[in-house]
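**Q** What follows is a structure written as structure tokens; I'll ask about it next.
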Amino acid sequence: MKFVIVFACFLALAFADVPVTVKEYNEVNPDSFKYEWATSDGSNIQQDGVLKDPHTILVKGSYEYVSKEGKVIKVTYTADENGYKPVIIQQ
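Here the sequence shown stands for residues -16 to -1, 1 to 75, where the numbers follow mature numbering (1 follows the signal peptide of the UniProt record, and there is no 0).
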């Protein structure tokens, strides 16, 4: 009986429209970090940061996804001691 339940779960996942991770990268150092991630539906994110001083991390990055209306939304940003500064682009 357990086999039938497990098989049904795998079958449901196979036919579901669930994005799959196609890229993943992480790098963490004492004074910096970087990561990238992408899925099969076109969503992706990348971010890297560097330690400016013991209290400030300078970060830049972007993320992108397809909206429910089918438009590609891309956000690029920086964050530093002056705050978070995003730029949103719709295509």
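All C-beta atoms in this analysis are idealised placements derived from N, C-alpha and C, irrespective of residue type, glycine included.
Bear in mind that the values here come from a model prediction, so they are computed numbers and not experimental data.
Identify every run of the beta strand (DSSP E) within the stretch 1 to 64, keeping only runs that are complete inside it and at least 3 residues long; order them along the chain.
**A** 5 to 13, 16 to 23, 28 to 37, 40 to 50, 56 to 64, all fully within the stretch 1 to 64.
**Q** What whole-angstrom Cβ distance do V50 and G26 have, given they're in contact under 8 Å?
**A** The residue you call residue 50 lines up with position 66 of the sequence shown. The residue you call residue 26 lines up with position 42 of the sequence shown. 5 Å between Cβ atoms; contact.
**Q** Measuring straight from C-alpha to C-alpha, what distance separates E65 and G54?
**A** Working through the sequence shown from its first residue, we reach residue 65 at position 81. Working through the sequence shown from its first residue, we reach residue 54 at position 70. Taking the straight line joining both Cα atoms gives about 35 Å.
**Q** Rounded to whole angstroms, what's the CA-CA distance from H39 to A63? Just pull it up for me.
**A** Taking the first residue of the sequence shown as 1, we reach residue 39 at position 55. Taking the first residue of the sequence shown as 1, we reach residue 63 at position 79. Each residue's alpha carbon lies about 13 Å from the other.
**Q** Per DSSP, Q74 is paired with what?
**A** On the sequence shown, residue 74 is found 90 positions in, with the first residue counted as 1. Its beta-bridge partners are I57.
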